[in-house]
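Trainee: Numbering (this note's numbering), first residue to last: 13 to 255. We put the CB at the ideal spot given by N, CA and C, even for glycine.
1) Just the C-alpha distance for residue 47 and residue 24, rounded to the nearest angstrom, thanks.
2) Quick check: the Cα distance between residue 79 and residue 151, rounded to an integer number of angstroms?
3) If you run the structure through DSSP and keep just helix, strand and coil, what is residue 175?
4) From 132, 183 and 19, pick the residue whose C-alpha is nearest to that of residue 147; which is it?
5) Can you tell me which of the three DSSP states residue 20 falls into?
6) Less than 6 Å between C-beta atoms, sequence neighbours within five positions excluded: which residues of the same chain meet that for residue 88?
7) Residue ranges of each alpha helix (DSSP H) run of no fewer than 4 residues wholly in the stretch 92–146, ordered along the chain?
8) Work out the CA separation of residue 22 and residue 221 for me, nearest whole Å.
9) Would residue 33 be called buried (16 or more neighbouring beta carbons within 10 Å of its own) or exposed?
10) Taking residue 132 as the reference, give the member of 37, 118 and 103 with the closest Cα.
11) Use the C-beta contact count for residue 130: other C-beta atoms within 10 angstroms, 16 or more gives buried, fewer gives exposed.
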């Protein structure tokens with residue numbers, strides 16, 4: 013088994029309530045992937061471990077065969093039981109070092125960073141600990157009212173520039189605003205309500221992805237950016253660059 017490659021372009025973070033309840037999360041995730049979501053994080057901070065595990069397993073089963081990785085928010089110890097591809101931790105969660113110990117070398121691990129100090133601290137971690145950083149919030153987000161002060165696109169650009177890993181922006185991202193993000197240097201956008209609360213999650217995902225790609229293409233044409241899908245950990249000494 014080797015660590016999955018992940019595409020951060022359109023990163024869905026699930027919300028159980030917005031999806032219509034525990035029994036609807038897997039369907040929303042499946043619809044989102046059908047519309048173009050490239051990675052799914054299962055998140056429900058209010059669920060018990062038993063309930064969370066049931067939701068996570070249903071999402072993993074729903075996405076089996078799609079090639080889209082599933083990571084769990086915070087509950088690192090449940091990743092193996094759920095059959096998930098990795099985990100995502102925040103600044104107040106389990107340390108990245110301990111999370112990597114539990115996950116082993118073959119699963120994905122992401123870390124949320126809100127400040128340059130957070131990114132600097134992450135850079136001190138051993139090579140291979142992390143696979144990507146989640147940066148934000150970009151804008152105010154209804155699903156996380158206790159989140160840090162929004163950084164705005166300019167703040168996100170500063171964080172992305174400081175990161176040696178691929179990055180995904182999160183926080184208040186919607187279809188009308190997603191086109192502001194490719195120019196910041198992030199590799200993708202993470203959304204919650206823009207898909208989970210949509211009447212048609214598949215169409216919502218397709219619209220978000222199309223607008224991202226349109227904006228990214230314009231930015232690539234003007235700046236000559238490199239391919240954002242190369243998500244190998246650049247701090248890993250075994251990393252090989254292929255022409």
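Mentor: In short:
1) Cα to Cα, the separation comes out at about 11 Å.
2) Looking at the two C-alpha atoms, the distance is approximately 30 Å.
3) In the structure shown, residue 175 sits in coil (DSSP, three-state: anything other than H, G, I, E or B).
4) Taking only the C-alpha atoms, the option nearest residue 147 is 183.
5) Looking at residue 20 - three-state DSSP - the assignment turns out to be coil, as it is neither helix nor strand.
6) Hits under 6 Å: 99, 106, 111 and 114.
7) Listed in chain order, the complete alpha helix (DSSP H) runs (minimum 4 residues) inside the stretch 92–146 are 108–115 and 128–135.
8) Computed Cα separation, rounded: 6 Å.
9) Here residue 33 is exposed. Its C-beta has fewer than 16 other C-beta atoms within 10 Å.
10) For residue 132, the closest of 37, 118 and 103 by C-alpha to C-alpha distance is 103.
11) It counts as buried.
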